[in-house]
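Structure record follows, encoded as structure tokens.
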Amino acid sequence: MGRLQDLYAEQGQSPWLDNLKRGWITSGGIQEWIDRGVRGITSNPSIFQKAIAGGEEYTEQLADLTVSGASVADTYWDMVTDDITAALGLLRPLYDSSDAGDGYVSVEVDPTLAHDGDGTLSAGRALWDRIDRPNLYVKIPGTAEGVGAIEQMIAEGRNVNVTLLFSLPRYAEVIEAYLSGLEAAAATGRDLSRISSVASFFISRVDTEVDRRLESIGTDEALALRGTAAVTQGRLAYRLAMDAFAGERWAALEARGARLQRPLWASTSTKNPAYPDTLYIDALVGPHTVNTIPDATLDAFEQHGTVARTVDADPAADRETWDRLAGLVDLDDVAATLEAEGVTAFEKSFEELLGVLDQRAAGFR
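Residue numbers (this note's numbering): 1 to 365.
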């Protein structure tokens, strides 16, 4: 077996591919990734912006939809849901063989709704109903406004990938939303064993922002802490999750078939060339986790990554490092900054792609 397969077989971590484009679906590329050990796929507006704006595979569909009178927004969603549905079909055998443990594909709601809880809930329901596959995850931003939508989606038996998480306090709110949603689902007689969720903690961006602030401080203590914030926060998030999914409250849900909401490590390509290219995989390996990884980083891990449990190797040291960071940097402000930047980046990709589609569609009108 390769390292990707070893991650799951030996350590209980599911490697997912953080990319999706139609050419991979039609050429067999996605199936090759699955054969190598990929156990799920994530997408986001930035991924679709690159795929659709940079590829000719969508031209025929764009022409057909334009001639039929479809709006630019409807054209976007038709393209996206077609790709997601095709990928879901490729991963359905894994979903079935793993008893709904893996084999998921994620699609994000309209990113302009990140601060509109009611709008997010409505969009999430619509995507779930439209695609209508049990191995779908609807991605909902873990903003303050998104938490209520997450809870209600779970209560209604709809799978959720909570995205854009950058802080431990917000993650605690998301875990509570999941637990409360499961309890509401149980109260209405739903089958909890078919409700699934992951919570996506963004990793590398945390180091980018915290390192910038540490360098502006410039002391020996500050500079020595560069490259520690992202992994440390991920490890503390793991501890938070494992503590939450234990005890009497969780036992009662688990007895009804509930699945724990797995921590998912997102944004795991290394942004700083001074750091190892597999840092954010190697340092966050552990059971009941997912790491969603860009294809280049997946290739790097296959070549020289380390398969060993690291996510909870030294909790006391992780807490000490986090406390030292908190003494130098306003970590709440870091989280708020990164959340705002993440929402803006997805909005920009979404709006830019609609603009590209509008320009291309003009040639078919």
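Built from N, CA and C at the ideal position, the CB exists for glycine as well. Predicted model only: the values in this text are computed from it and were never measured.
Tell me the rounded alpha-carbon separation between residue i and residue j.
i: residue 45; j: residue 134; result: 22 Å
i: residue 309; j: residue 287; result: 8 Å
i: residue 230; j: residue 85; result: 33 Å
i: residue 283; j: residue 64; result: 47 Å
i: residue 190; j: residue 80; result: 29 Å
i: residue 346; j: residue 359; result: 20 Å
i: residue 356; j: residue 19; result: 20 Å
i: residue 295; j: residue 17; result: 7 Å
i: residue 169; j: residue 348; result: 27 Å
i: residue 123; j: residue 129; result: 10 Å
i: residue 221; j: residue 238; result: 26 Å
i: residue 9; j: residue 363; result: 51 Å
i: residue 114; j: residue 125; result: 15 Å
i: residue 326; j: residue 341; result: 21 Å
i: residue 322; j: residue 49; result: 36 Å
i: residue 248; j: residue 184; result: 17 Å
i: residue 2; j: residue 36; result: 7 Å
i: residue 353; j: residue 292; result: 23 Å
i: residue 320; j: residue 275; result: 22 Å
i: residue 372; j: residue 43; result: Because the chain spans 1 through 365 in this model, residue 372 falls outside it and cannot be assessed.
i: residue 307; j: residue 105; result: 24 Å
i: residue 38; j: residue 213; result: 35 Å
i: residue 98; j: residue 232; result: 30 Å
i: residue 252; j: residue 11; result: 26 Å
i: residue 103; j: residue 219; result: 47 Å
i: residue 41; j: residue 56; result: 22 Å
Across which residues does DSSP place residue i in a beta bridge pair?
i: residue 162; result: 140 and 199
i: residue 104; result: 40
i: residue 14; result: 290
I'd like the list of long-range same chain contacts for residue i, defined as Cβ closer than 6 Å, with 5 residues on each side in sequence excluded.
i: residue 350; result: 45 and 111
i: residue 180; result: 151
i: residue 117; result: 145, 148 and 149
i: residue 277; result: 270 and 300
i: residue 241; result: 263
i: residue 174; result: 142, 162 and 199
i: residue 158; result: 128
i: residue 33; result: 17
i: residue 58; result: 52 and 79
i: residue 259; result: 196
i: residue 261; result: 178, 197 and 199
Would you call residue i buried or exposed, if buried means 16 or more other Cβ atoms sit within 10 Å of its Cβ?
i: residue 201; result: buried
i: residue 217; result: exposed
i: residue 206; result: buried
i: residue 22; result: buried
i: residue 243; result: exposed
i: residue 69; result: exposed
i: residue 193; result: exposed
i: residue 303; result: exposed
i: residue 223; result: exposed
i: residue 376; result: Nothing in the structure corresponds to residue 376, since the chain is present only between 1 and 365.
i: residue 26; result: exposed
i: residue 318; result: buried
i: residue 344; result: exposed
i: residue 120; result: buried
i: residue 108; result: buried
i: residue 297; result: buried
i: residue 67; result: exposed
i: residue 186; result: buried
Is there a Cβ of chain D sitting closer than 8 Å to that of residue i, yes or no?
i: residue 229; result: Absent from the structure is chain D; it holds one protein chain and no more.
Whose C-beta lies closer than 7 Å to the C-beta of residue i among residues of the same chain, with five residues either side of it excluded?
i: residue 160; result: 137, 138, 140, 150, 153, 154 and 197
i: residue 166; result: 202, 206, 335, 338 and 339
i: residue 234; result: 201, 203, 265 and 284
i: residue 311; result: 235, 238, 284, 285, 286 and 289
i: residue 6; result: 307
i: residue 83; result: 20, 22 and 25
Less than 8 Å between C-beta atoms, sequence neighbours within five positions excluded: which residues of the same chain meet that for residue i?
i: residue 78; result: 61, 65 and 70
i: residue 74; result: 65
i: residue 88; result: 105, 131, 133, 135 and 136
May I have a chain-ordered list of the alpha helix (DSSP H) segments no shorter than 4 residues that lie completely inside the stretch 228–279? 229–244 and 247–254
Could you tell me which uninterrupted beta strand (DSSP E) segments, each at least 3 residues in length, are contained entirely in the stretch 62–110, listed from first to last along the chain? 104–108
What are the start and end residues of each continuous alpha helix (DSSP H) run of 4 or more residues lying completely inside the stretch 307–360, in chain order? 315–328
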